[in-house]
Structure formats: structure tokens, C-alpha cells
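Chemist: Heads up: the sequence shown is residues 32 to 98, going by the working numbering.
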Amino acid sequence: MNILVNGIETMIPHNVKSVDDLLIHLTIGDRRVIVEWNKQILKKDDHEDIKLNAGDRVEIVHFVGGG
């Protein structure tokens with residue numbers, strides 16, 4: 032299935048069914064990120080419940096420290 036991840040069309044395997052699965056697949060796992068799914072900002076608790084569909088748009092924002 033193809034979805035857009037951070038503006039890039041990405042083919043994801045059939046076993047990636049949820050936002051949580053996507054984060055694991057992308058080796059993001061438990062890192063602190065903000066996920067926007069189809070222009071809706073998600074709570075971390077919703078990552079498992081949101082099922083991905085072809086054409087979905089997912090934006091993942093990482094926190095970066097610096098000084």
C-alpha cells in the first residue's frame with residue numbers, strides 16, 4: 032500500500048496496519064514524536080487505533096535538542 036510520509040510517497044508492507052506499526056517499521060518506536068494523520072494531530076494513545084489506508088498522509092515531527 033502507498034501512503035505519503037513527510038511528503039514522500041512510501042510503499043509500506045501489508046503487515047503495517049496502524050500508525051503504531053508504521054513508527055515501528057520506520058524504526059522510530061518509542062522516540063518522542065508528533066504524528067499528523069490526514070491533517071489531524073494524534074495523541075500517542077491513538078497510534079494503535081488509527082488504521083492506515085492507501086493514500087493517507089502522515090507527517091512525523093521529531094524533537095531535536097540543541098543549544
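Glycine included, each C-beta is placed from N, C-alpha and C at the ideal position.
Using the rule of at least 16 other Cβ atoms within 10 Å of the residue's Cβ for burial, across every protein chain shown, is isoleucine 72 buried or exposed?
Modeler: As a working mapping, residue 72 is identified with position 41 in the sequence shown. So isoleucine 72 counts as exposed.
Chemist: Is leucine 53 helix, strand or coil by DSSP?
Modeler: Stepping through the sequence shown from its first residue, residue 53 is reached at position 22. Three-state result, leucine 53: helix.
Chemist: To the nearest angstrom, report how far apart leucine 35 and valine 92 are at their CA atoms.
Modeler: Taking the first residue of the sequence shown as 1, we reach residue 35 at position 4. Taking the first residue of the sequence shown as 1, we reach residue 92 at position 61. Roughly 14 angstroms between the two C-alpha positions.
Chemist: Any idea if valine 95 is buried or exposed, counting beta-carbon neighbours within 10 angstroms, 16 or more meaning buried?
Modeler: Mapped onto the sequence shown, residue 95 falls at position 64. Label assigned to valine 95: exposed.
Chemist: Where do the N-terminal and C-terminal ends of the beta strand (DSSP E) with histidine 93 fall, by residue?
Modeler: Counting from one through the sequence shown, the residue named residue 93 turns up at place 62. From DSSP, the beta strand (DSSP E) with histidine 93 extends over 88–93.
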